[in-house]
Amino acid sequence: MIQYDLSIAENRCIQEETTSLVRTFLHEKLEPSHLSYNKDIAGEPGLLSALSNLFNAYFQPSEEVRPCHVALAAGASICLTTLIRTLCNTGDGVLIPTPYWNGFDFHIAKQAQVHPVPVSFGKFTDSFDSAAIIRALEEAMDSTSSPVKAVVVTNPHNPLGRCYSEDNLFSFARFCGRRGLHFISDEVYALSNFGSKAAPGASPFVSVLSLDSVQAECERSKVHVIWSMSKDFGCSGIRLLQSALVSQKNPELLKTLSFAGCLQISNLATLSALGILTAPQLPQLISTNKDRLAESYQIMTTFLEQRALEYVPATAGLYVFTKLLPASEVGVSEARLAEILKATGIAVGTGQAYHAGDAARGWFRLVFSMRPQHLRDALIQLGVALDLATTAEDQNMSGNRQLKLKTRRDVGCPRKEQQTSRVTKKNKSRIRQGES
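Residue numbers (full-length UniProt numbering): 1 to 436.
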């Protein structure tokens with residue numbers, strides 16, 4: 001049984017505040033008419049207006065975002081799938097810098113029937129080097145047999161938790177302009193940029209919407225931004241992509257996406273979104289989210305540093321990319337460690353799932369976007385699992401069963417007195433020392 005899920009990027013830091021806003025708004029605004037079909041194919045006008053206000057306030061667009069620039073969909077993934085289907089033919093390709101979210105494999109390859117073409121880098125830091133970006137894009141473009149129609153980037157990055165600089169984004173845009181490609185920027189973590197003293201040279205969040213179209217040298221009709229409330233406001237269960245798509249010079253594309261999503265969006269979800277986006281407390285909510293993410297990130301990285309585990313310093317997002325398998329433990333595979341973690345009640349995302357090749361061997365994505373005490377409890381459990389992993393190579397098939405029994409006894413914790421094993425005490429001490 002999974003007690004601590006560090007694999008799903010859900011933001012639990014501000015769910016209480018978000019719930020309060022939604023509950024109050026629904027209590028005051030819900031009417032019988034909301035139980036009927038939505039009459040506006042383009043989307044609820046009030047929500048489109050609230051979204052355009054949000055983009056103008058926080059994304060610093062070079063051109064004002066108007067409600068007519070926005071199309072709604074029932075989730076960022078659905079928006080991306082519909083967008084890719086609209087822009088591409090079956091068998092076409094889209095370039096995606098690695099490492100990238102493994103959900104793209106399903107939504108792009110399976111649902112849209114388009115080939116994700118990995119854009120590979122030698123090391124993680126190259127992902128944010130403009131010259132390396134251009135080289136990698138050219139190599140990927142020239143090596144694939146699929147007709148490439150678009151470049152898809154996630155900014156802030158998933159799973160690296162960093163933001164592309166303005167210069168990086170210009171590099172992507174100019175490449176798309178030269179090659180006649182669409183530039184799709186998935187910005188679902190845009191308001192979850194919390195900064196980090198550990199990454200002083202890292203770029204703050206810069207939206208593609210802020211790029212000067214002349215300098216970008218890319219047709220504005222081929223620049224599209226996807227955003228959702230799911231991550232930044234901790235409401236992934238509401239399933240409303242409020243941006244959804246922002247495309248300022250392509251009205252026909254917006255009509256297509258609006259028509260596709262008009263009957264998929266619940267009126268209750270629309271009201272919930274309005275309850276958040278029109279609240280006077282919105283600026284404070286965004287600020288609180290950033291503060292709490294920064295606090296949770298500090299707890300996570302203190303744990304990693306105390307165990308001398310390498311990680312990519314993050315400045316945004318809900319997770320950190322870390323190497324849980326040091327080079328000295330080459331005998332322990334990712335799959336083996338994942339098995340041990342699962343046996344101790346911990347779920348994580350393996351680095352290989354993010355298409356980073358050998359560079360990600362031994363790396364994992366750990367989500368930290370939860371309340372501090374829950375995160376500390378999860379890290380105590382994670383520490384136990386990592387200590388067990390140091391002896392994993394000595395386990396054979398019969399010993400494997402022995403390990404599972406030991407895990408249930410020592411860290412399954414059905415009885416409180418069983419939590420006082422020597423290794424658990426050691427990890428509690430480590431984490432508590434990091435709190436002071």
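We treat Cβ as the ideally placed atom computed from N, Cα and C, and that holds for glycine.
Item to check | Residues near A353 by beta carbon distance below 6 Å, same chain, minus five either side | outcome: Non-local beta-carbon contacts of A353 in its own chain, meaning distances under 6 Å to residues more than five positions away in sequence, involve N102 in chain order.
Next on the checklist: Can you tell me whether S185 is helix, strand or coil according to DSSP?
Outcome noted: Looking at S185 - three-state DSSP - the assignment turns out to be strand.
Item to check | Nearest residue (CA-CA) to S77, options M370, D186, V223 and G201 | outcome: Of the candidates M370, D186, V223 and G201, the one whose C-alpha sits nearest the C-alpha of S77 is D186.
Checklist entry - What's the C-alpha gap between Q215 and A173? => result C-alpha separation (whole angstroms): 9 Å.
Item to check | E219 to C13 span [Cα, whole Å] | outcome: If you take the alpha carbons of E219 and C13, they lie about 38 Å apart.
Checklist entry - Which of the three DSSP states, helix, strand or coil, is assigned to L175? => result It should be pointed out that residue 175 corresponds to Phe in this sequence rather than to Leu. If DSSP states are grouped into helix, strand and coil, F175 belongs with the helices.
Checklist entry - Where does S7 fall in DSSP's three states? => result Here S7 sits in coil by DSSP.
Item to check | Boundaries (first-last residue) of the alpha helix (DSSP H) holding L268 | outcome: Under the DSSP assignment, L268 falls in the alpha helix (DSSP H) whose first and last residues are N267 to L277.
Checklist entry - G195 and A57 look like a contact to me (Cβ under 8 Å); what is the Cβ gap, rounded to whole Å? => result Between A57 and G195 the Cβ distance is about 19 Å, and since that is not below 8 Å, they are no contact.
Item to check | Cβ neighbour criterion (16 or more within 10 Å) applied to C68 | outcome: Per the 10 Å Cβ criterion, exposed.
Item to check | Beta-bridge partners of P118, as assigned by DSSP | outcome: In the DSSP assignment, the residues bridged to P118 are I96.
Next on the checklist: Quick check on Y297: does DSSP put it in helix, strand or coil?
Outcome noted: Looking at Y297 - three-state DSSP - the assignment turns out to be helix.
Next on the checklist: Based on DSSP bridge pairs, tell me the residues matched to V225.
Outcome noted: Bridge pairing for V225: S185 and V246 [DSSP].
Checklist entry - Going straight from the alpha carbon of S7 to that of L282, what length do you get? => result In a straight line, the C-alpha of S7 is about 28 Å away from that of L282.
Checklist entry - So, T322 versus L309, is the Cβ gap smaller than 8 Å? => result Pairing T322 with L309 gives a Cβ-Cβ distance under 8 Å.
Next on the checklist: Rounding to the nearest angstrom, what Cα-Cα distance links Q356 and Y100 in this structure?
Outcome noted: Correcting the residue type first, residue 356 is Ala in the shown sequence and not Gln. C-alpha separation (whole angstroms): 8 Å.
Checklist entry - So, helix, strand or coil for G349, using DSSP? => result Looking at G349 - three-state DSSP - the assignment turns out to be strand.
Next on the checklist: Please report the straight-line C-alpha distance between K231 and D126, rounded to a whole angstrom.
Outcome noted: The C-alpha of K231 lies about 26 Å from the C-alpha of D126.
Next on the checklist: Please report the distance separating the alpha-carbon of P313 from that of R371.
Outcome noted: Between P313 and R371, the C-alpha separation is close to 20 Å.
Next on the checklist: Quick check: the Cα distance between V152 and T81, rounded to an integer number of angstroms?
Outcome noted: Looking at the backbone, the Cα of V152 and that of T81 are separated by about 12 Å.
Checklist entry - What's the C-alpha gap between K29 and H157? => result Here the alpha carbons of H157 and K29 stand approximately 37 Å from one another.
Checklist entry - Since Y4 contacts Q381 with CB under 8 Å, what's their CB separation in whole angstroms? => result With 8 Å as the limit, Y4 and Q381 qualify as a contact, their Cβ atoms being about 6 Å apart.
Checklist entry - What do you get for T315, buried or exposed, if any count of 16 or more other CB atoms within 10 angstroms of its CB means buried? => result Buried, since its Cβ has 16 or more Cβ neighbours within 10 Å.
Checklist entry - Should P147 be labelled buried (16 or more other beta-carbon atoms within 10 Å of its own) or exposed? => result Exposed: under 16 other Cβ atoms inside 10 Å.
Next on the checklist: Can you tell me which residues form a DSSP beta bridge with A316?
Outcome noted: Looking at the DSSP output, A316 bridges to N193.
Item to check | Through-space distance from Y319 to Q334, alpha-carbon basis | outcome: The residue asked about is misnamed: residue 334 is Glu in this sequence, not Gln. Approximately 18 Å, taken between the alpha carbons.
Next on the checklist: Going by DSSP in three states, V423 sits in which element: helix, strand or coil?
Outcome noted: With a pLDDT of 42 at V423, under the threshold of 50, the predicted position of this residue should be treated as unreliable, though the coordinate-derived value follows. Correct three-state label for V423: helix.
Checklist entry - From E64 to N11, what does the alpha carbon distance come to, in whole angstroms? => result When rounded, the distance between both Cα atoms is 29 Å.
Next on the checklist: Can you find the residues in the same chain that come closer than 8 Å, C-beta to C-beta, to L47, ignoring five residues on each side of it along the sequence?
Outcome noted: Only L72, Q242, T270, A273, L274 and L277 meet the Cβ criterion.
Next on the checklist: I'd like to check one pair, L83 with L254: are the Cβ atoms closer than 8 Å?
Outcome noted: Cβ distance not < 8 Å, so L254 and L83 don't count as in contact.
Next on the checklist: Are the CB atoms of S171 and I133 within a distance shorter than 8 Å?
Outcome noted: The Cβ atoms of I133 and S171 lie closer than 8 Å to each other.
Item to check | Backbone CA spacing between E17 and I265 [nearest angstrom] | outcome: Cα-Cα distance, rounded: 23 Å.
Item to check | Backbone secondary structure at R307 - three-state DSSP | outcome: Per DSSP, reduced to three states, the secondary structure at R307 is coil, with no helix or strand assignment.
Next on the checklist: Please report the straight-line C-alpha distance between D142 and A150, rounded to a whole angstrom.
Outcome noted: Between D142 and A150, the C-alpha separation is close to 14 Å.
Next on the checklist: I need the straight-line Cα distance from S287 to E305, nearest angstrom please.
Outcome noted: Taking C-alpha positions only, S287 is separated from E305 by approximately 27 Å.
Item to check | Close beta carbons around F136, own chain, < 8 Å, minus the five adjacent residues each side | outcome: Note that residue 136 corresponds to Ala in the displayed sequence, not to Phe. So the qualifying residues of the chain are P97, V119, S120, F121 and D126.
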